[in-house]
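**Student:**
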Amino acid sequence: MNKIDDEKHNELIVILSELIETIELMKKEEKDYLLIQNENEARDWMDFLKNHTDKDELKSLENEISDRFFFKFDVQIGTSELDNKRAELMKKYIFKSNEYLK
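Position one of the sequence shown corresponds to residue 1469 (the numbering used here), numbered consecutively onward.
Have a look at this one:
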C-alpha cells in the first residue's frame, strides 16, 4: 500500500472541512436544492477521505471530485463571495490532491 503522508492527508481534510462550512453558510443565505446536494456530496467525500490513506484510493476520490467539479459542480449557484470561495476550495482540493498523490 502506498500511503499518503499524514500531514498532507490532514491538509486535504481541512480543505474539505472548509468547503462544507462554506456550503453551510451559503444555505443560510440561499435556499437552493443544489446546495443540499453539494453538501451531501462533500460530506460523503469527507467520510471517504477520513477512512482512506492509500494513494490509489484517494486518487479515485480526486477523480470523482474533479468530474463533479468540471462537469456539474462549477455551475454558479449564487453571486456571493461564498459561492466564489466554494469554487476556489474545490479547485484547491483538486490541485493539492494531484500534487500529493504522485
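Heads up, the beta-carbon is just placed ideally off N, CA and C, and yes, glycines get one too.
Since this is a predicted model, take the numbers as computed values, not measurements.
Based on Cα-Cα distance, which residue from K1564, L1484, E1479, E1549 lies nearest to W1513?
**Tutor:** Within the sequence shown, the letter at position 45 stands for residue 1513. When only C-alpha atoms are compared, the closest one is L1484.
**Student:** Please report the residue range of the alpha helix (DSSP H) in which D1470 lies.
**Tutor:** In the sequence shown, counting from the first residue as 1, residue 1470 sits at position 2. Inspection of the sequence shows that residue 1470 is occupied by Asn rather than by Asp. No alpha helix (DSSP H) holds N1470; DSSP gives it neither H nor E.
**Student:** Roughly how many angstroms separate the alpha carbons of L1588 and E1475, rounded to a whole number?
**Tutor:** Since the first residue of the chain shown is 1469 and the last is 1570, residue 1588 is not available in this structure.
**Student:** Taking its Cβ as the centre, do 16 or more other Cβ atoms sit within 10 Å of Y1561, making it buried, or is it exposed?
**Tutor:** As a working mapping, residue 1561 is identified with position 93 in the sequence shown. Counting Cβ neighbours within 10 Å, Y1561 comes out buried, since at least 16 surround it.
**Student:** Write down every uninterrupted run of the alpha helix (DSSP H) in the stretch 1484–1520 whose length is 4 residues or greater and which is fully enclosed by it, in chain order.
**Tutor:** Runs of the alpha helix (DSSP H) inside the stretch 1484–1520: 1501–1519.
**Student:** I think K1564 touches L1480, with their Cβ atoms under 8 Å apart; what is that distance to the nearest whole Å?
**Tutor:** One-based indexing of the sequence shown puts residue 1564 at position 96. One-based indexing of the sequence shown puts residue 1480 at position 12. At roughly 6 Å, the Cβ-Cβ gap stays under 8 Å, so K1564 and L1480 are in contact.
**Student:** Given this structure, state the Cα-to-Cα distance separating Y1568 from K1471, to the nearest angstrom.
**Tutor:** Position 100 of the sequence shown holds residue 1568. Position 3 of the sequence shown holds residue 1471. In a straight line, the C-alpha of Y1568 is about 11 Å away from that of K1471.
**Student:** Find the nearest neighbour of M1558 within the set E1489, D1524, K1523, judged by alpha-carbon distance.
**Tutor:** The count along the sequence shown starts at 1 and reaches residue 1558 at position 90. The shortest Cα separation from M1558 among E1489, D1524, K1523 belongs to E1489.
**Student:** Pull the bridge partners of A1522 from the DSSP assignment, please.
**Tutor:** For this step, residue 1522 is matched to residue 54 along the sequence shown. Position check: residue 1522 holds Asp in this sequence, whereas Ala was assumed. Looking at the DSSP assignment, D1522 forms a beta bridge with K1471.
**Student:** Less than 9 Å separating the beta-carbons of E1497 and R1536?
**Tutor:** By 1-based counting over the sequence shown, the position of residue 1497 is 29. By 1-based counting over the sequence shown, the position of residue 1536 is 68. For E1497 and R1536, no; Cβs fall outside 9 Å.
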